[in-house]
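Novice: One structure is given below, represented as C-alpha cells, and several questions about it will come after.
Numbering (this note's numbering), first residue to last: 14 to 343.
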C-alpha cells in the first residue's frame, strides 16, 4: 500500500509510436500533474405529455478528451522528452568529448509526431494508487521562470486525446543523482548574437513559448476523439525581466529606441566532467522590449519590469534551448 495522500503520487510518460495508443511509461519526473478529463454531452428528449424533466436515458457523451498542466522543476536529468515535445524536430544527445556529458540542442521546429502517453498515479485515502492514463498528449506551451532564492520552475500546458482508467499503474523509477537548476546558477547575457555579455541587476525572469494548434476535430468516425493537432498559428515567444535600475543601456534604452537585442539566459550547475557542467540555456537571438520606462515611485531603489517578445532575425532559430546532462537519450 502507498501513502494515502499526494505523498504517494507519481507521474510517468513515454513517447507514443501511434498517436493515442498506449505505451507504458518509462520516464519518471518529480511533477505535479493537474490533468482532467473533458467531455461534451447531448441531452435528448422532446415534448411528451406530462413530462417535466428530460429523460436520463437520452443523455449521451458526444466527444471527450483531456487537458491541463504539469508543474516541474527544470532538473539536471530527464527533461529531454518534454523539451522535444515543446520545440519539435529530431534531437539526439551528442557526447561531449569522451565524457559522460551529453548536449541536447532543441531549436524551434515543427512538433508534429511528438505525442506521449502520460500517467498520473493518484492515491486514495486507503493507500491504493489509482492510475489515470492520458493518451495522445501534446505540449501546447511552457513557461520557464526563476526568481530570487527560487528554482528554475516549468509549467507545461498539455492537451490529450483521451484518458483511461483501465491501464495498469506502472512502477515509478527515478533517476539517481538528480539536481535542480536554481537562481544561484543563473546568468543573463545580452548584446549582439554570439557576443552577448552578462548584465547585472536582474532579480527575476520568465520565458513563455506557445505552440498554437488546430484542435484535431473531433471528426466523424473517430468515436468522439480528436486527431493529432497541427500548428495553425504563429509561435509566441515572450517573457518578462524584473531588474533594478542599474545600467540604463541594458533594458531601458533598448525599450525606448525599440532596438532588438540577443538574449542568452543560462543556468550552469555542477560539473559532469572536466570542462562540461550541467547546463540549461535559452537562446533568443532577436528580442524587443515592450516596456517599461523606469520610475521612482517611492524611497526604495528603482526596479522595473521589462516585458519582451522574441521574433525571427531571418538567420537563427527564434528560440533554442541547450541542455547538457548525463542523459544518453531523450
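Glycine included, C-beta positions come from ideal geometry on N, C-alpha and C.
Residue 153 by DSSP, collapsed to three states: which one?
Specialist: DSSP places residue 153 in strand when its eight states are reduced to three.
Novice: So, for residue 83: in the same chain, excluding its five sequence neighbours on each side, which residues have a beta-carbon less than 7 Å away from its beta-carbon?
Specialist: Once the five neighbours on either side are set aside, the close Cβ partners of residue 83 are 44, 46, 169, 171.
Novice: Helix, strand or coil: how does DSSP classify residue 53 here?
Specialist: Three-state result, residue 53: strand.
Novice: Any heavy atom of the ligand HEM within a distance shorter than 7 Å of the CB on residue 256?
Specialist: The ligand HEM is absent from the structure shown, which contains no ligand whatsoever.
Novice: Could you check what DSSP says for residue 194 in three-state terms: helix, strand or coil?
Specialist: In the structure shown, residue 194 sits in coil (DSSP, three-state: anything other than H, G, I, E or B).
Novice: In whole angstroms, what separates the C-alpha of residue 341 from that of residue 133?
Specialist: C-alpha separation (whole angstroms): 25 Å.
Novice: For residue 98 and residue 22, what's the separation of their Cα atoms in angstroms?
Specialist: C-alpha separation (whole angstroms): 23 Å.
Novice: Specify the secondary structure class of residue 303 as computed by DSSP and reduced to three states.
Specialist: Residue 303 falls in the coil class under three-state DSSP.
Novice: Could you tell me which whole alpha helix (DSSP H) segments of length 4 or greater appear in the stretch 49 to 101?
Specialist: Those alpha helix (DSSP H) runs which fall completely within the stretch 49 to 101 and span 4+ residues are 93 to 100.
Novice: State the beta-bridge partners of residue 290 as determined by DSSP.
Specialist: For residue 290, which the question treats as bridged, DSSP gives the partners 284.
Novice: Spell out the partners DSSP gives residue 115 in its beta bridges.
Specialist: Residue 115 pairs with 108, 338.
Novice: Taking buried to mean at least 16 other C-beta atoms within 10 Å of its own C-beta, is residue 184 buried or exposed?
Specialist: Label assigned to residue 184: exposed.
Novice: Name, in chain order, the residues that DSSP records as bridge partners for residue 40.
Specialist: According to DSSP, residue 40 bridges with 26.
Novice: Taking contact to mean 3 or more Cβ pairs, one atom from each stretch, closer than 8 Å, check whether the stretch 27 to 40 and the stretch 139 to 154 are in contact.
Specialist: Enough Cβ pairs lie closer than 8 Å, so yes.
Novice: For residue 271, which of helix, strand or coil comes out of DSSP?
Specialist: Reduced to three states, the DSSP call for residue 271 is coil.
Novice: Look at residue 90 and residue 339 and say whether their C-beta atoms are less than 8 Å apart.
Specialist: Yes; because the gap between Cβ atoms is below 8 Å, this pair is in contact.
Novice: From the DSSP output, which residues share a beta bridge with residue 255?
Specialist: Paired residue(s): 217, 318.
Novice: Would the beta-carbon of residue 77 fall within 8 Å of that of residue 238?
Specialist: Yes. Within cutoff.
Novice: Could you name the residues that DSSP lists as bridge partners for residue 146?
Specialist: Answer is 132, 177, bridged to residue 146.
Novice: Mapping DSSP to helix, strand and coil, what is residue 21?
Specialist: DSSP places residue 21 in helix when its eight states are reduced to three.
Novice: Count the other C-beta atoms from every protein chain shown that fall within 10 angstroms of the C-beta of residue 151, then say buried if there are 16 or more, exposed otherwise.
Specialist: Residue 151 comes out buried.
Novice: Quick one: residues in its chain with C-beta nearer than 7 Å to the C-beta of residue 304, no 5 flanking neighbours on either side, listed in chain order?
Specialist: Closer than 7 Å at the Cβ level, and outside the excluded window around residue 304, lie 268, 318, 319, 320.
Novice: Taking the alpha carbon of residue 128 as the reference point, which residue from 218, 29, 214 has its own alpha carbon closest?
Specialist: Nearest option by C-alpha distance: 29.
Novice: Count the other C-beta atoms from every protein chain shown that fall within 10 angstroms of the C-beta of residue 16, then say buried if there are 16 or more, exposed otherwise.
Specialist: Exposed.
Novice: Mapping the DSSP letters down to three states, classify residue 120 as helix, strand or coil.
Specialist: In this structure, residue 120 counts as strand in the three-state DSSP scheme.
Novice: Report the residue from 103, 72, 316, 194 whose alpha carbon sits nearest the alpha carbon of residue 258.
Specialist: Checking every option, the nearest Cα to that of residue 258 belongs to 316.
Novice: Look up residue 265 in the DSSP assignment and say whether it is helix, strand or coil.
Specialist: Looking at residue 265 - three-state DSSP - the assignment turns out to be helix.
Novice: Output the distance between the C-alpha atoms of residue 330 and residue 26, rounded to the nearest integer angstrom.
Specialist: Residue 330 and residue 26: Cα-Cα distance of roughly 28 Å.
Novice: Pop quiz: residue 296 and residue 332 are said to be a contact at Cβ under 8 Å. What is the actual Cβ separation, rounded to whole angstroms?
Specialist: Correct: roughly 7 Å between the Cβ atoms.
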